[in-house]
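K.L.:
Here's a structure for you.
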Amino acid sequence: MLQRITILFLSIILLKALEAIWCGGEWTGRCPKFHVCLQANPKHYASHKCIEHEKNEKYPTCILGTCQFPISIWRIGAQSSPTPSPSIPTTPPFTTPLPFKANLPSDYPYPPGNKLLKIGVITTEVSSRDIGLSDTGGAIPMAMDYIVQNQILNDYTYEFFTNYTDCDEATAAGVAVQMITDYGVDVIIGPPCTTSIIPVAMLAAYYNTIQIVWGYSTAAALTDNTRFPTLTSITPNTLQMGYGLLALMNLYGWSQFGIVYNDDVVGFCEGLVTDVETAAQSLPQNFTINYRYRLPSGSYADETTAMKRMKSRARIIVMCLDGSTRRQMLLVVKDLNMTSPDYVYILLSMRGTGFGLQAISNYSNEVLDNGFTPQWVDLTNKPPDGRDADAKAASARFLIIDTANLAAQGTNTATLKQEVFQRVTEWPFYCQTSYCQLLYNVSGVGNFISYQYDAMLFYAYAMNATLNQDPVNGLNDMDLYLSVKNQVHFTGWSGNVQMTPNGSRLPTFFVYGLDVNSKPQIFVNLTYAYSGELMTATPTYTDPSTSIWVNRGGFQPADEPVCGFTGTDCPLTTWEQSGAYIIAGCAVAAFLVVVLLFFGFYAIRERRRETERQNAEWRINQNQLEKPRGKHDERSMRSLRSSKSSVSGTGSKFSFGSKHNDSDRMSYFLFMGDPVMAMKHKVVSRLTIEDHHELRLIRRMEHDNVHRFIGLCEEASPVLTIWRLASRGSLEQVLTGSSMNIDGFFMYSLIRDLVEGMCYINKSFLKGHRRLSSQVCYIDDRWQLKVGGYGLTFIRGLEQTTKKEQLWFAPEKLREPMTPPIEEHDIYSFAIISSEIITRKTAFDMENRREKVEEVTYMIKKGGSVPLRPDLVVADEADVNPALLHLIRDCWHEEPQNRPRFETIKSLIAAMGSDRKQNLMDHVFNILENYAETLEKEVQDRTGELVEEKKKSDILLYRMLPRQVADRLKLGQTVEPEAYDSVTIFFSDVVKFTNLAAKCTPLQIVNLLNDLYSTFDQIIEEHGVYKVETIGDGYLCVSGLPHRNGIQHIRDIAEMSLGFLKAIQYFRVPHIPTERINLRIGLHSGSCVAGVVGLTMPRYCLFGDSVNTASRMESNGKPGQIHMSDAANSMIQRYGGYVTEPRGEVIIKGKGVMSTYWLLGRVDEPILPSMSQNRSEEPLVQPRDVEESRFDPMIEDLGGEQVEDLGIYRSHLKKLPINQPDEIQPA
């Protein structure tokens, strides 16, 4: 390689010397456009091959004409370009250099800057299409869009120079010299082939030119900063992939493997295998490559030979194959019966396709989620060979190490592919080759597009960093560039882009495999540390048997079978070694074993039956849980049966209330006819024998003040714990959501029930609650409090406590969360719940506190001389024993040992209520009777107010939306967007309204617009037109929707427009009588879509290109005239009865040249003068001294112009004055 590079340099120097002699010793003076070309043989240099030439008196020694390049023609020196030969392609390999900022192409997409940036792109097309210009080149202009829009490089004009080299070293070197010496490029992007990168990199280092490579720039040799100081690679290198492969093998304990690979044009596989060997030799682990085989060709016979030899040498087989030979290799391993679970095939790739291939889309309809054709689909035979199923079965034994895939990152593959292929045919490449046309039908988008995009983006970010430090010379300061390039860090299309000190990229590889449904999944991430040299393998699964090894029966294969690769090295079994002794022992113990087995089996069976019977008490099947019938369904059933009896799915008379709606934590069912509540648990471990025992004990717990546990439903997702339904909800809901008066007796009863329940739980095997709060205390239909949420430690221990739940935690529990639960913790929680009952507020009254929950828990945990506790202010001045308040304060004492025990609390509570003999239910009924009387009167008053307010809201709603749309929304019906084939859209604008507004005060402007709007609205109502929106001083109206009226809409809009013009003749500005109002009106007929947009402020909006066209008609019209599109004119001619006059062709922004018309009036009474006398002097587009519609700053930042060009009407539009009219060139 070094010898070839040396010869190449000498040849270039020799030819430059010949050029200087030929041109009289001047390089650019006498022969300014003389160039050295490549002959048809790309490995040697020679002078021009002149196809046609002409004499030149000024430069008699110069040869003028054309020079034949291996692929294309490059014009040289001729002042007039002669017609090329038909047999020679005419696409130039280089973009003709343009004079700086003087003669930019007409479609140059960006504002020209004051500085010129020259970018050379060395690419390919034929050798490997996935890195070809047609497949990836469109990423460069897309990256340029991002660079310009985000102002990464400011005030630059960009000039591109492009050539195909097709991975040939000599051609690439010649092109690089041409770009650097003759065109003076600032950076070279490419080439994308491993073999051609090295000579270009040497030349770039010699000329001190930045080179950024992508594609198959994977050779580890490219990381040598001494040889290639100016080179940066966006693509991870193969040595990193080699370390990733070994990290994967180390993860599964594999130490020996074989390698099969084929030769490819870009030299990827040869370099990859070499780097894998280098990585294996450099690691301390003992990795052995048992066999390495290079396929002579891609034939079926060669692959069969390779795999037969591999069969006796390895079970972990690493492969590097072209996409064209993948499926054939799948069939080979299938035919050789090498698809048993002990074979693992690891395919190495950097194409980002995973288990897919990029293929012509009409080959197969089967497409993977990433947009590519599966590798098992036959893409070569016509008709197909019918062996896709065999290839698919073999694919289940494959793992693929590959880079990130665009589709897997969430990119819309179809949209991206279409845009990339379209952009390559536009500036700066203008590609029109057959490849650029063919790739519109290719499946998937290769990952090299991402690398091409990020290569351009990396250069922009690097230049931005250098220019920030040296704005004057930063563009050409190589030392500064080298110092900052490793600091560039951004997220591109290919993921996180960050460079190591040696100029290579920090990679991330992914290990793909197939799941049980043959869908590719990522099972392992291979990441690379910035400071180290080794890759780290991180599984993405939790259970390998159900993920990466699911297609192998859940077992991980070994790198060597137990009996060796040939099956002849099996170790002696125990029977072969000690068979005689075993027979003797079995004979002696046979009788005893049979007897013991019989009695043991009987005892185990009986014990198992008893355990199953007890477990059946708490185990609930999902089909036993029925969702309750809703109230609407019940009313429907009653009407069908003409009966007033309650109806449910099981005949139960219970009906669920509004507080029993399903939530994230709770669901409600009917279990065996009884209503139950189900708590949802998202984190549940596999149940053990101890867990079963706990469930049986909890199932047996029964007390009047303990919430009854019914069972556990393991089948549901998430897992459900079933409890008896508390019809009145939790204590927290009753205290905060009920408007019922809770007096002192009620409070006492609830606290007494809470103490009774906790005493029972503390005496049980649970010895405590652990998470006591008002959220787990429930009130049944008899107003009896029941403590729930106890036990189930195997679930509670895995669930994360919420911040709100910590409000009931004792201070010492907050300080030491791992402290074992004790009774004193529950006593503290009891005190907090009692304070909620006394105050009828939530814990610590969080709704009325300024502090957040985190701040309150922090203050509780902090403690102090006066620790934070709830305020004990008795609600509604209830009659509460002061001793109860003292007891609550004792229970939340800061020191746990100073808190009374539950048995003590029970005795004290009983002593406080010795004089309370009334039953709680009787007491509640008395309260409810008084409350019902008060509520009935309040309902009557509110009903009258509601009726009046409804009338007002209906009036307001009909002004905002069409009546039929508003009526549907009131009924709760969905208003779907509706397409209208034919409508007429009206835009109007007050001429020079800004100047008029400058003469008025804000109040006068409001009065003026109110008078003007009132006049116009009256005209609109007379003609049945729908006013969509008033935008400042402009109107947007439409006819033909929401009621379709044939072609009547053109007549309605025309009459309304004429009415507007008549009305403004008599309209006077009250405070400026000399001023006159004039309008500019635009009409267009076409299709559009109308629908309701928004929830908070719903608006009836129009969408479609017709809206944009109507707006353009208004903005390009004239004062006092009605400007019509050709479609509107055709429509009004069909209707008849109106006079129109052609205006001629007009350049409309976003539309091009359009023929437009003036509406002069009715046939019997035209009210507008003809414009024909001025049409000869009228240019194609008059400069507009008018106010032009613009988006507000927010919409402009988000791309307002693009939104406007799509024809989307937005209510965010507003008017802004324009100081100068747009400069529009005549057609």
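Under full-length UniProt numbering, the final residue of the sequence shown carries the number 1227; numbering is consecutive throughout.
We put the beta carbon where it would ideally sit given N, CA and C, even for glycine.
#1: At the level of alpha carbons, what is the spacing between residue 392 and residue 577?
#2: Please list, in chain order, all residues of the same chain as residue 301 whose beta carbon is under 7 Å from its beta carbon, the five residues on each side excluded.
#3: So, with DSSP's three-state summary, where would you put residue 693?
#4: Per DSSP, residue 1122 forms a beta bridge with which residues?
#5: Might you give, ordered along the chain, the residues of its own chain that have their beta carbon closer than 7 Å to the beta carbon of residue 541, omitting 5 neighbours on each side?
#6: Quick one: residues in its chain with C-beta nearer than 7 Å to the C-beta of residue 553, no 5 flanking neighbours on either side, listed in chain order?
#7: In angstroms with no decimal places, state the Cα-to-Cα distance between residue 418 and residue 507.
#8: Hey, out of 807, 1154, 286 and 870, whose CA is closest to residue 838's CA?
#9: Please report the straight-line C-alpha distance between residue 348 and residue 238, rounded to a whole angstrom.
#10: What is the DSSP secondary structure of residue 1045, counted as helix, strand or coil?
#11: Hey, out of 1086, 458, 1021 and 1072, whose CA is closest to residue 1056's CA?
#12: Quick one: which unbroken alpha helix (DSSP H) runs of 4-plus residues sit fully inside the region 806-868? Chain order, please.
#13: In angstroms with no decimal places, state the Cα-to-Cα distance between residue 703 and residue 754.
#14: Contact between the region 727-735 and the region 663-674: three or more CB pairs below 8 Å?
#15: Using the C-alpha atoms, what's the distance from residue 1092 back to residue 1110?
#16: Have a look at 153, 117 and 861 and flag the residue whose alpha-carbon is nearest the alpha-carbon of residue 812.
#17: With C-beta atoms as the reference, is residue 1031 less than 9 Å away from residue 1102?
#18: Tell me the residue span of the alpha helix (DSSP H) that contains residue 724.
#19: Verify whether the separation of the beta carbon atoms of residue 185 and residue 161 is less than 9 Å.
#20: Does the beta-carbon distance from residue 387 to residue 331 come in below 9 Å?
#21: Taking the continuous beta strand (DSSP E) assigned at residue 667, which residues delimit it?
#22: Going by DSSP in three states, residue 118 sits in which element: helix, strand or coil?
#23: So, residue 723 versus residue 771, is the Cβ gap smaller than 9 Å?
#24: Which residue marks the beginning of the alpha helix (DSSP H) containing residue 1259, and which one marks its end?
#25: With a threshold of 16 other CB atoms inside 10 Å of the CB of residue 528, please say whether the residue is buried or exposed.
#26: Can you tell me which residues form a DSSP beta bridge with residue 537?
#27: Alpha carbon to alpha carbon, how far is residue 909 from residue 762?
#28: Evaluate residue 1071 with the Cβ neighbour count: other Cβ atoms within 10 Å of its Cβ, from every protein chain shown; 16 or more gives buried, anything less gives exposed.
#29: Could you pull the DSSP bridge partners for residue 1027 from this structure?
#30: Note down, in chain order, each residue of its chain lying with its Cβ closer than 6 Å to the Cβ of residue 399, except the 5 sequence neighbours on either side.
#31: Tell me the rounded alpha-carbon separation between residue 599 and residue 611.
#32: Is the distance from the Cβ of residue 213 to the Cβ of residue 172 below 9 Å?
#33: Apply the 10 Å Cβ neighbour rule to residue 1183 and answer buried if 16 or more other Cβ atoms are within range, or exposed otherwise.
#34: What does residue 498 pair with, by DSSP beta-bridge criteria?
#35: Spatial neighbours of residue 535 within its chain, please: CB distance less than 6 Å, with the 5 preceding and 5 following residues excluded, ordered by chain position.
#36: Alpha carbon to alpha carbon, how far is residue 718 from residue 273? Give it in angstroms, no decimals.
P.N.:
Quick look at the numbers:
#1: If you number the sequence shown from 1, residue 392 lands on position 392. If you number the sequence shown from 1, residue 577 lands on position 577. Between the alpha carbons of residue 392 and residue 577 lies a gap of roughly 44 Å.
#2: Position 301 of the sequence shown, counted from the start, is the residue given in the question as residue 301. Shown here for residue 301: not one same chain residue has a beta carbon closer than 7 Å to its own, the five before and five after excluded.
#3: Taking the first residue of the sequence shown as 1, we reach residue 693 at position 693. In this structure, residue 693 counts as helix in the three-state DSSP scheme.
#4: Start at 1 with the first residue of the sequence shown, and residue 1122 comes out as number 1122. 1081 and 1159, per the DSSP bridge assignment.
#5: As a working note, residue 541 is residue 541 in the sequence shown. Excluding positions up to five away in sequence, the list reads 523, 547 and 548.
#6: The count along the sequence shown starts at 1 and reaches residue 553 at position 553. Leaving aside the five residues that flank residue 553 on each side, the residues in its chain whose CB is nearer than 7 Å to its CB run, in chain order, 341.
#7: Here residue 418 refers to the residue found at position 418 of the sequence shown. Here residue 507 refers to the residue found at position 507 of the sequence shown. Rounded to whole angstroms, residue 418 and residue 507 show a C-alpha spacing of 28 Å.
#8: Here residue 838 refers to the residue found at position 838 of the sequence shown. Among 807, 1154, 286 and 870, the Cα nearest to that of residue 838 is on 870.
#9: Stepping through the sequence shown from its first residue, residue 348 is reached at position 348. Stepping through the sequence shown from its first residue, residue 238 is reached at position 238. Computed Cα separation, rounded: 10 Å.
#10: Residue mapping note: residue 1045 aligns to position 1045 of the sequence shown, counting from 1. Correct three-state label for residue 1045: coil.
#11: Here residue 1056 refers to the residue found at position 1056 when the sequence shown is read from its first residue. Residue 1021 is the option with its Cα nearest to residue 1056.
#12: Segments of the alpha helix (DSSP H) lying fully in the region 806-868: 811-815, 823-839 and 853-862.
#13: On the sequence shown, position 703 is the one that residue 703 refers to. On the sequence shown, position 754 is the one that residue 754 refers to. Spanning the two alpha carbons is a distance of roughly 12 Å.
#14: Result no; under three Cβ-Cβ pairs closer than 8 Å.
#15: Here residue 1110 is taken as the residue at index 1110 of the sequence shown, counted from 1. Here residue 1092 is taken as the residue at index 1092 of the sequence shown, counted from 1. Cα to Cα, residue 1110 sits roughly 21 Å from residue 1092.
#16: Here residue 812 is taken as the residue at index 812 of the sequence shown, counted from 1. Of the listed residues, the one whose Cα sits closest to residue 812 is 861.
#17: Here residue 1031 refers to the residue found at position 1031 of the sequence shown. Here residue 1102 refers to the residue found at position 1102 of the sequence shown. No.
#18: Mapped onto the sequence shown, residue 724 falls at position 724. Taken as a continuous stretch (DSSP letters only), residue 724 belongs to no alpha helix (DSSP H), being part of the beta strand (DSSP E) at 719-724.
#19: The count along the sequence shown starts at 1 and reaches residue 185 at position 185. The count along the sequence shown starts at 1 and reaches residue 161 at position 161. For residue 185 and residue 161, yes; Cβs fall inside 9 Å.
#20: If you number the sequence shown from 1, residue 387 lands on position 387. If you number the sequence shown from 1, residue 331 lands on position 331. Between residue 387 and residue 331, the gap from beta carbon to beta carbon is short of 9 Å.
#21: Residue 667 sits at position 667 when you count from the first residue of the sequence shown. Residues 666-671.
#22: As a first step, residue 118 must be located in the sequence shown, where it is residue number 118. Residue 118 falls in the strand class under three-state DSSP.
#23: Locating residue 723 in the sequence shown gives position 723, counting from the first residue. Locating residue 771 in the sequence shown gives position 771, counting from the first residue. For the 9 Å CB-CB criterion, residue 723 and residue 771 do not form a contact.
#24: The shown model of the chain, from 1 to 1227, leaves out residue 1259, and the question about it has no answer.
#25: Within the sequence shown, residue 528 is the residue found at index 528, counting from 1. Result: buried.
#26: For the purposes of this step, residue 537 is taken as residue 537 along the sequence shown, with counting starting at 1. DSSP lists 526 as partners of residue 537.
#27: As a first step, residue 909 must be located in the sequence shown, where it is residue number 909. As a first step, residue 762 must be located in the sequence shown, where it is residue number 762. Computed Cα separation, rounded: 17 Å.
#28: Walking along the sequence shown from the start, residue 1071 turns up at place 1071. With a threshold of 16 other beta carbon atoms within 10 Å, residue 1071 falls short and is exposed.
#29: For the purposes of this step, residue 1027 is taken as residue 1027 along the sequence shown, with counting starting at 1. Residue 1027 pairs with 1037.
#30: Residue numbering aside, residue 399 sits at position 399 when the sequence shown is read from its first letter. Exclusion of the five residues before and after residue 399 leaves 346, 511 and 513 as the residues of its chain whose Cβ lies within less than 6 Å of its Cβ.
#31: For the purposes of this step, residue 599 is identified with residue 599 of the sequence shown, where counting begins at 1. For the purposes of this step, residue 611 is identified with residue 611 of the sequence shown, where counting begins at 1. For residue 599 and residue 611, the distance between alpha carbons rounds to 18 Å.
#32: Here residue 213 corresponds to residue number 213 of the sequence shown, with the count starting at 1. Here residue 172 corresponds to residue number 172 of the sequence shown, with the count starting at 1. The criterion of a C-beta distance shorter than 9 Å is not satisfied by residue 213 and residue 172.
#33: Along the sequence shown, read from residue 1 onward, the residue named residue 1183 stands at position 1183. Low confidence applies to residue 1183: its pLDDT is 39, below 50, so where it sits in the model is not reliable enough to give any reading.
#34: The residue you call residue 498 lines up with position 498 of the sequence shown. For residue 498, which the question treats as bridged, DSSP gives the partners 489.
#35: Mapped onto the sequence shown, residue 535 falls at position 535. Non-local beta-carbon contacts of residue 535 in its own chain, meaning distances under 6 Å to residues more than five positions away in sequence, involve 243, 244, 247, 526 and 528 in chain order.
#36: Locating residue 273 in the sequence shown gives position 273, where the first residue counts as 1. Locating residue 718 in the sequence shown gives position 718, where the first residue counts as 1. In a straight line, the C-alpha of residue 273 is about 48 Å away from that of residue 718.
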